[in-house]
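The structure under discussion appears below in the form of structure tokens.
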Amino acid sequence: MRKRFALAVGLAVAAAAAASGCGGHAAAPREAGPTVPPPPSAGSQSVSPPSADPPSADRLADCVLSITPWLQTSLDGGTDLGDYQEMGLSSAQGGALRELQRQAAALGARGPLPSGWVATEVRRACAAIIAAGASATSKPTGWP
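Here the sequence shown stands for residues -26 to -1, 1 to 118, where the numbers follow mature numbering (1 follows the signal peptide of the UniProt record, and there is no 0).
Shown next, in the form of structure tokens:
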């Protein structure tokens, strides 16, 4: 019985090693395509590489698209949205969402929200996040 168990373990380890490419005969490596674009030809203008930070218009749009659905869900009666990390928001975006929820509750107590209020206020909050230097698109590190 022990020999069968040892043989089974040995075969399982060998199969795992073969599947992962460890030891033995490895398959021939695949041909990789070029990873660097060819240099510009004479007479053509060179193109600068994209910057690490997207333009502020893109950051603003990303922020607006991140916060708006959560605010709308909250206004439509959603109760437990979770914390900002579960929603995929940055800390700054989560803070803006909470503030917008408070403002909407205060305005809603007096009657329906003005037409376009959500779009205007989310855009304003995102512009403030970007102006403050907080990343409107980066996600918090840590759990999960």
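We treat Cβ as the ideally placed atom computed from N, Cα and C, and that holds for glycine.
query: If you run the structure through DSSP and keep just helix, strand and coil, what is Ser48?; result: helix
query: Taking the runs of the alpha helix (DSSP H) that are 4 residues or longer, which of them lie wholly in the stretch 57 to 86?; result: 65 to 82
query: Thinking C-beta only, is Leu71 closer than 9 Å to Leu45?; result: yes
query: How is Ser89 classed by DSSP in three states: helix, strand or coil?; result: coil
query: Helix, strand or coil for Asp54 per DSSP?; result: coil
query: Return the residue from the list Gln77, Asp54, Thr47 that minimises the CA-CA distance to Ala99.; result: Gln77
query: Short of 7 Å in beta carbon distance, which residues of its chain neighbour Leu87, apart from the five on each side in sequence? Order them along the chain.; result: Ala78, Leu81
query: DSSP state of Ala101, grouped into three classes?; result: helix
query: Which residue from Ile41, Asp50, Glu95 puts its Cα closest to that of Met61?; result: Ile41
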